[in-house]
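Each residue of the sequence shown is one higher than the last, beginning at 3 in this note's numbering.
Where is the CB? At the ideal position from N, CA and C, for every residue including glycine.
Predicted model only: the values in this text are computed from it and were never measured.
Here the structure comes first, spelled out in structure tokens, and everything after it is commentary.
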Amino acid sequence: MYHFENKVVWITGSSTGIGRAAALAFAEHGADVVIHCNASVEEARKLEEEINRLGRKCLLVQGDVADRQQVEAMAARIDETFGRIDVLINNAGALIQRVRLEELEEELWDRVMNVNLKSVYLVTKASLPLLKRSDKGRVINMTSVAARNGGGFGSIAYGAAKGGVSTMTRGMAKDLIEYKITVNGIAPGIIATPFHDRFTPPDIRAKTLSGIPMGREGTPEETVGAALFLASPYADYITGEIIEVNGGQLMD
């Protein structure tokens, strides 16, 4: 059983999917939660109400995680409300569009890099003063199985960005340990979320499932188990690691 009473958890991209499941799980285990959205305000409001019904404090921040000024403004609101961050989960990300390399325009490349990779840098840097106030700060970056296998059809930029997140996770782990902050990652495979409903056609999903030993997609809740562990005292001696949650799709 995990206990996160008196802990503050900020989860970017938490209005739907894995982020939403993580917000509810941490609240159910006693944490106060900062949820974040950019455009999905209605879904975020519903999540805020659910967390409040659990008896936990919830702050909703809205903004573009790839925009430095907006990220700093969100961090300032968290500072005003809670005064610290104990666990930061960099979950915001998007594939945006599946295209082959010959059709991949620079503008799309930049958008994918910004929302998936630059955002991790901006949010973590802005959160660092608040993480330093925690006894044992935690940063958990959501990368992807695409970081290792290059991604599915038309996802070159996404796979490259998530590969960058995995590498950044290891670099941050070395850089931030002097502040007693651990940095780890979670690499989901194909998870049943609105992300794949939007970006992964049924034929590609079916083909991917044929290569998964468990023979099914994962759930957001199954992914969140890794986050609860990494945020807990049981993971005190773990940093710079990536936990694969992919049903056996890729194995070390």
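The beta strand (DSSP E) enclosing residue i, as first and last residue numbers
i, result
"GLU51", "Counting along the chain, GLU51 falls outside any beta strand (DSSP E), though it belongs to the alpha helix (DSSP H) covering 43-55."
"GLY187", "184-190"
"GLN64", "60-64"
"VAL226", "It is not in any beta strand (DSSP E) - VAL226 instead sits in the alpha helix (DSSP H) that spans 222-233."
"VAL35", "34-39"
"ILE142", "140-144"
"GLU246", "244-247"
"ILE13", "10-13"
8 Å contact criterion, which residue i and residue j should meet: CB distance rounded
i, j, result
"LEU90", "LEU124", "In fact, because the Cβ distance is near 12 Å, the residues do not count as touching under 8 Å."
"GLY249", "GLY187", "Rounded, the Cβ-Cβ distance is 18 Å, inconsistent with contact."
"THR145", "ALA189", "5 Å"
"GLY166", "LEU119", "5 Å"
Residue nearest to residue i in terms of C-alpha spacing, selected from the options
i, options, result
"SER234", "VAL141, ALA159, GLN251, PRO203", "VAL141"
"PHE6", "ASN40, PHE231, GLU246", "PHE231"
"ILE20", "THR195, ILE240, ARG79, LEU252", "THR195"
"ALA29", "TYR181, LEU56, CYS39, TRP12", "LEU56"
"GLU51", "VAL35, VAL122, ASP177, ILE240", "VAL35"
"VAL147", "VAL10, TYR4, LYS48, ILE245", "ILE245"
"ARG58", "GLY161, GLU107, ASN8", "ASN8"
"GLU243", "GLN251, SER157, ALA228", "ALA228"
"VAL10", "LYS209, ARG113, LYS138, LEU49", "LYS138"
"VAL63", "ARG79, ASN54, ILE53, LEU49", "ARG79"
"GLU45", "LEU26, SER17, LEU61, LEU97", "SER17"
"SER168", "ILE179, GLY152, PRO131", "GLY152"
"GLU223", "ALA25, ILE158, TYR160", "ALA25"
"CYS39", "THR171, LEU119, GLY15, ILE53", "GLY15"
Exposed unless 16 or more other CB atoms sit within 10 angstroms - verdict on residue i
i, result
"ARG100", "buried"
"THR221", "exposed"
"LEU256", "Outside the shown range of the chain (3 to 254) lies residue 256, about which nothing can therefore be said."
"SER212", "exposed"
"GLY173", "exposed"
"GLY2", "Outside the displayed range of the chain (3 to 254) lies residue 2, so it cannot be described from this structure."
"ALA175", "buried"
"ALA208", "exposed"
"ARG150", "buried"
"GLN71", "exposed"
Boundaries of the alpha helix (DSSP H) in which residue i is found, first to last residue
i, result
"ASN151", "148-151"
"ARG200", "196-201"
"ILE206", "204-211"
"VAL167", "158-178"
"ARG22", "19-30"
Which full runs of the beta strand (DSSP E) of 3+ residues lie inside the stretch 82-134, going along the chain? 89-92
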